[in-house]
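I have placed the structure first, in the form of structure tokens, so that the comments after it can refer back to it.
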Ligand SMILES: [Ca+2]
Ligand SMILES: [Ca+2]
Ligand SMILES: [Ca+2]
Ligand SMILES: [Ca+2]
Ligand SMILES: [Ca+2]
Ligand SMILES: [Ca+2]
Ligand SMILES: [Ca+2]
Ligand SMILES: [Ca+2]
Ligand SMILES: [Ca+2]
Ligand SMILES: [Ca+2]
Ligand SMILES: [Ca+2]
Ligand SMILES: [Ca+2]
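Residue numbers (my numbering), protein chains in the order written: chain A, 8 to 223; chain B, 8 to 223; chain C, 8 to 223; chain D, 8 to 223; chain E, 8 to 223; chain F, 8 to 223.
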């Protein structure tokens with residue numbers, strides 16, 4: 008797993024566009040960095056990190072959820088016509104797949120486009136649907152163990168995985184705070200905090216980006 | 008099946024763009040959520056959920072049926088040039104195929120574009136043809152059993168599956184009301200109710216969307 | 008075969024864009040519905056129904072024959088730049104291939120674009136070439152048997168299959184009228200009738216569609 | 008082979024865009040119809056007839072040779088921006104491959120675009136290069152036999168196949184006239200006749216097509 | 008390996024767009040030339056050298072890191088809309104893969120677009136992430152051996168490979184100076200030198216390129 | 008090999024866009040004709056002759072080298088936006104691969120775009136890199152033997168293959184003059200002669216092509 012290379016400062020997130028997901032492979036749980044960035048462009052969406060079909064579709068769904076909620080964020084979708092987005096999941100040589108990084112993908116995209124870094128020390132796992140529901144996932148025990156080992160303090164799980172809490176190792180339970188999310192609005196509240204989120208949305212309103220796009 | 012994760016409130020549909028289909032796999036019947044959403048864009052149509060070739064073609068036919076009937080709905084097709092549609096069928100990791108979700112796809116698209124949520128508690132199954140005919144499907148017994156277990160109250164079946172009614176478990180028969188559809192207009196009447204459908208079409212006429220597209 | 012699901016009223020064609028083809032598989036002959044529809048768009052041509060490479064090329068040839076004869080029909084090809092065409096061959100899950108539906112594809116396209124429904128009770132089989140010639144096909148015996156069973160009254164065969172007439176079951180011969188076509192103009196005469204065809208072409212001349220396209 | 012279906016009138020070519028090639032398969036020689044047609048469009052080039060990679064590249068080379076010689080023909084290449092070309096090789100279900108139809112492809116394209124039908128009763132075989140050279144091919148014996156059987160009177164062979172003349176059956180030799188071509192200008196002279204070719208080129212100069220394209 | 012063909016003057020880099028990477032294959036370490044060039048075009052990005060999926064994604068990440076830092080370089084991204092970039096890794100017949108050339112790709116792109124040749128005698132290895140972090144790589148022993156043999160004087164390694172220093176052959180250690188980079192700004196400082204880098208960025212400000220793009 | 012079909016006049020090159028390469032297969036050396044042509048178009052680049060991935064990339068590199076040196080040639084790259092280039096390597100049915108035709112590809116493209124035929128009787132082999140370096144290739148013995156047999160008088164080899172001179176058959180050595188190239192400027196000097204090259208570049212300056220493109 009990548010986490011053996013993680014230094015303490017790695018999980019301190021200070022850049023917008025980054026979220027921490029939790030994956031579950033045959034060799035155990037892993038912390039996944041989701042990195043999203045943007046720059047002026049023609050509206051392309053690039054996706055790298057040896058992602059499988061299911062994970063690619065998961066990102067596609069996450070992006071669509073953001074877009075269909077753009078009005079709620081006072082986010083002008085015109086921005087996406089003159090910027091490219093690139094989402095990458097290191098390490099670059101390790102194939103990754105599955106839908107369970109869905110809410111982390113959504114959080115990374117939202118963080119990027121609202122220009123709002125996630126709160127530090129939070130990792131999350133959960134499938135996202137197009138309506139913004141959070142579907143349950145597997146490997147809760149292994150994922151939370153990996154999170155604890157990597158120094159994560161807070162974990163977001165799907166509401167429907169609440170019943171899996173009892174399987175988590177007591178040592179791990181002590182180290183982590185758990186939040187359960189039924190839909191993506193729950194996720195955003197935990198990942199960003201309601202006041203920070205509101206402030207970021209407020210900032211977006213008379214945004215310089217819009218000026219740029221109108222210039223064009 | 009996904010339905011083991013469904014909570015009571017899940018089949019209460021309140022969002023436009025959602026329909027419930029019934030699938031039939033080697034392990035029995037299943038309730039499929041069809042989720043469609045839209046947002047300002049360039050007219051792309053995205054399709055996710057690990058759908059096989061036949062199911063993808065089925066969505067394509069469903070969309071074309073809607074488009075060729077757009078005039079009947081007073082729906083301005085220009086709208087689809089400046090909006091993207093995304094249709095997704097969770098759970099994201101489960102491959103799905105076959106033509107039997109055709110009328111559910113059509114209903115989800117119609118619900119989305121007429122901005123009209125389906126009536127709650129209805130699931131449906133049937134292949135759609137480009138003329139809007141509803142072709143018979145297999146697995147009626149298993150599909151209706153899954154519907155009943157998921158708390159569905161009403162099931163729409165193809166007219167040509169009327170003869171399969173006798174194979175359905177009596178317990179299931181008691182829990183469900185059956186409707187038979189020969190073409191998609193029958194489907195819409197049951198799924199939305201004639202008065203609600205007429206009201207939604209009426210609303211579309213002097214629609215703000217049209218204004219947006221003309222602005223462009 | 009699909010015909011076991013066909014009800015009496017199914018072969019009564021009242022919509023432009025529909026033609027009946029005859030296919031020949033390892034399990035015998037079959038009646039194929041060819042459904043074509045159109046709607047305002049950007050000139051796309053969609054093709055569904057699990058069609059194999061040869062059948063896809065056959066549709067492509069059929070469309071090109073129509074286009075290269077457009078002037079004869081007083082049909083303004085500009086129309087195809089602002090409309091999409093979708094051609095579908097149910098049942099959606101059954102793979103289909105081969106060139107023998109060529110003239111039925113051509114007839115469906117012509118019916119759609121001239122806005123002229125085929126005469127009822129006619130099915131046809133024959134490969135089409137780019138010059139509009141009709142090439143002979145196999146399975147005449149099985150195809151005509153399937154046509155008779157489905158209630159078809161008239162069958163169009165390639166001129167070069169005239170010699171296969173003697174192989175057809177006498178019972179089937181009694182139920183069917185046979186026409187032989189050497190090129191596509193023979194096909195159109197039988198499928199639409201010369202007076203109806205002329206009237207439809209006449210109608211096309213000062214056509215509202217042209218106005219629409221000029222508006223743009 | 009397709010030639011068993013050919014009737015006498017089939018090799019009388021009266022349409023521009025048609026040429027007869029000679030193919031060589033494991034079951035012997037065959038006469039190939041090359042059919043090219045055009046219609047107003049956006050400059051697409053369609054290629055059908057179950058052609059293999061080598062034959063597709065051969066058509067591509069043939070088209071490029073025509074284009075690079077367009078000035079010699081007083082042909083305005085602008086025409087190809089507002090017309091589509093479709094080239095088809097029946098029978099549609101038979102896979103075909105190899106470079107030996109190259110000069111027949113070139114002749115069909117030239118016939119189509121100069122609006123000049125080939126002289127009747129001529130078939131040809133030879134690989135074309137981008138400089139317009141004619142490269143030698145195999146199967147001369149089998150191809151000429153097939154030509155003779157199909158009623159062909161004149162055959163064009165590559166200059167470098169002159170040495171294969173001695174292998175041709177004496178009966179076949181009596182029925183056929185042979186021409187040898189070193190480059191495509193030799194081919195055109197034989198296929199169209201110098202005076203007809205010159206007249207066609209002269210006609211192209213103040214051509215109504217040009218008017219159409221300027222209108223746009 | 009390619010280095011057996013390298014002559015002394017080969018590692019003297021005088022052209023912008025060239026960087027030296029270090030690869031690690033089953034037969035040992037290798038020095039990779041990364042060559043990037045640009046010319047007026049439509050914004051295409053070409054990638055050659057038989058690169059595998061992971062290496063292609065690595066280049067994509069390197070380019071995105073540059074783009075997301077373009078403002079820091081006073082680089083006008085508009086330039087990339089009217090120029091093509093081509094990145095090639097000789098030798099052309101040898102398949103290459105893996106993420107460890109990431110920072111060399113980034114350096115080649117930066118060198119090209121800032122019009123600033125790398126300092127001579129430096130080779131580097133390290134995976135790049137979208138945030139510009141440098142991830143550790145394998146094969147440090149073999150790569151540094153290859154570098155020393157090719158006459159390289161300075162090697163840049165990821166910060167997290169510092170612990171691998173002890174495995175490097177003492178003879179090799181004597182010949183090479185090692186730098187460790189935690190993120191891409193560390194890489195640029197070593198590869199170009201801070202003063203040269205600042206001077207190059209300063210030069211970009213009132214750049215003739217911008218004039219060209221505005222002309223358009 | 009194709010050379011058994013070559014007649015004496017074939018290696019007399021009089022057309023711009025043609026170069027002779029040397030290939031090396033399991034059955035020995037071969038002379039390859041590289042044919043490039045151009046015509047008014049939309050800037051497409053077509054590549055035919057059953058070329059493998061490595062050879063295709065080699066052409067791509069050759070084209071980029073030309074483009075990045077266009078200013079040195081006083082060549083206006085705008086020309087490539089309104090012309091198509093087609094590069095073909097006969098014989099069309101023989102698969103070809105490898106990087107060793109790189110400098111011949113570059114020479115053919117340069118010859119075409121500078122409108123300058125190569126000097127006659129010269130063949131060449133060598134991999135090209137994006138910086139215009141010439142990398143060594145294999146099969147020098149077999150390739151030079153094939154060149155001598157085909158009547159070639161002069162062969163260009165990579166500088167780094169100078170050491171392979173001793174392996175060439177003495178008989179072949181007598182028939183051929185050898186030149187060694189370290190980069191593409193060496194190649195051009197030998198292939199065209201410095202005075203002819205300068206004259207061609209001079210001619211390009213006030214070129215009618217530019218007028219054509221501006222007209223547009
Ligand atoms: Ca898959
Ligand atoms: Ca709930
Ligand atoms: Ca399939
Ligand atoms: Ca009915
Ligand atoms: Ca095929
Ligand atoms: Ca006839
Ligand atoms: Ca091939
Ligand atoms: Ca000659
Ligand atoms: Ca892969
Ligand atoms: Ca650090
Ligand atoms: Ca390959
Ligand atoms: Ca040197």
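Each residue gets a CB set at the ideal place from its N, CA and C atoms; glycine is no exception.
- The residues 110, 111 and 163, in chain order, have a CB closer than 6 Å to that of residue 131/F in the same chain once the five nearest residues on each side in sequence are set aside.
- An exposed status is given to residue 34/B, since fewer than 16 other beta-carbon atoms sit within 10 Å of its beta-carbon.
- Taking the C-beta atoms as reference points, residue 95/A is found nearer than 8 Å to residue 55/A.
- Runs of the beta strand (DSSP E) lying entirely within the region 27–74 of chain E and spanning at least 3 residues, in chain order: 35–47 and 52–55.
- With contacts defined as CB atoms closer than 8 Å, residue 61/F and residue 105/F qualify as a contacting pair.
- Listed in chain order, the non-local C-beta contacts of residue 140/E below 6 Å within the same chain comprise 190, local neighbours out to five positions each way being set aside.
- Here residue 79/B is exposed: its Cβ has fewer than 16 other Cβ atoms, across all protein chains shown, within 10 Å.
- Here the alpha carbon of residue 81/B sits roughly 29 Å from the alpha carbon of residue 209/C.
- Taken in chain order, the unbroken stretches of beta strand (DSSP E) that lie wholly in the region 126–184 of chain C and span 3 residues or more are 129–131 and 161–165.
- Relative to residue 193/B, the option among 133/B, 159/B and 175/B whose CA is nearest is 133/B.
- Residue 187/F is bridged by DSSP to 164/F.
- At a Cβ-Cβ threshold of 8 Å, residue 107/C and residue 159/C do not count as neighbours.
- Excluding the 5 residues flanking it on each side, residue 187/B has same chain C-beta neighbours closer than 8 Å at 163, 164, 165, 166, 168, 169 and 193, in chain order.
- For residue 21/B, the CB contacts under 7 Å within the same chain, skipping 5 residues up- and downstream, are 124 in chain order.
- A Cβ-Cβ separation of about 10 Å leaves residue 24/D out of contact with residue 121/D under the 8 Å criterion.
- A residue is called buried when at least 16 other Cβ atoms come within 10 angstroms of its Cβ; residue 103/C meets this threshold and is buried.
- A straight-line Cα-Cα distance of about 18 Å links residue 204/E and residue 75/E.
- At least one CB atom of chain D sits nearer than 8 Å to the CB of residue 97/F.
- In the DSSP assignment, residue 110/D falls within the unbroken alpha helix (DSSP H) covering 109–120.
- The beta carbon of residue 45/C sits closer than 8 Å to the beta carbons of 24, 90, 91, 92, 93, 119 and 120 from its chain, once the five residues preceding and following it are set aside; these are given in chain order.
- Its chain contains 37 and 39 as the residues whose beta carbon lies nearer than 6 Å to that of residue 30/C, once the 5 sequence neighbours on both sides are disregarded; these appear in chain order.
- A Cβ-Cβ separation of about 24 Å leaves residue 57/A out of contact with residue 149/E under the 8 Å criterion.
- From the beta-carbon of residue 136/D, the residues of chain F found nearer than 9 Å are 40, 42, 95, 97, 98 and 99.
- A buried status is given to residue 195/B, since no fewer than 16 other beta-carbon atoms sit within 10 Å of its beta-carbon.
- The beta-carbon of residue 149/E is placed no less than 8 Å from the nearest beta-carbon of chain A.
- Bounds of the beta strand (DSSP E) holding residue 94/D are 90–95.
- When C-alpha distances from residue 71/E are compared across 179/A, 27/A and 48/A, the shortest belongs to 48/A.
- Around the beta carbon of residue 184/E, fewer than 16 other beta carbons sit within 10 angstroms, so the residue counts as exposed.
- For residue 114/F, no Cβ of chain D is located within less than 8 Å of the residue's own Cβ.
- A Cβ-Cβ distance of about 6 Å is found for the pair residue 200/E and residue 126/E, placing them in contact under the 8 Å criterion.
- From the listed residues 73/E, 178/E, 171/E and 197/E, the smallest Cα separation to residue 117/E is found for 73/E.
- Excluding its 5 nearest sequence neighbours in each direction, residue 212/D has C-beta neighbours in its own chain below 8 Å: 81, listed in chain order.
- Looking only at 154/F, 153/F, 136/F and 177/F, the smallest Cα-Cα distance to residue 67/F is reached by 136/F.
- Residue 174/E and residue 177/A have their C-alpha atoms roughly 40 Å apart.
- Within the region 69–82 of chain F, the residues whose Cβ lies closer than 7 Å to any Cβ of chain E are, in chain order, 71, 74, 75 and 77.
- Residue contact with chain A for residue 173/E: absent (no Cβ-Cβ distance below 8 Å to any residue of chain A).
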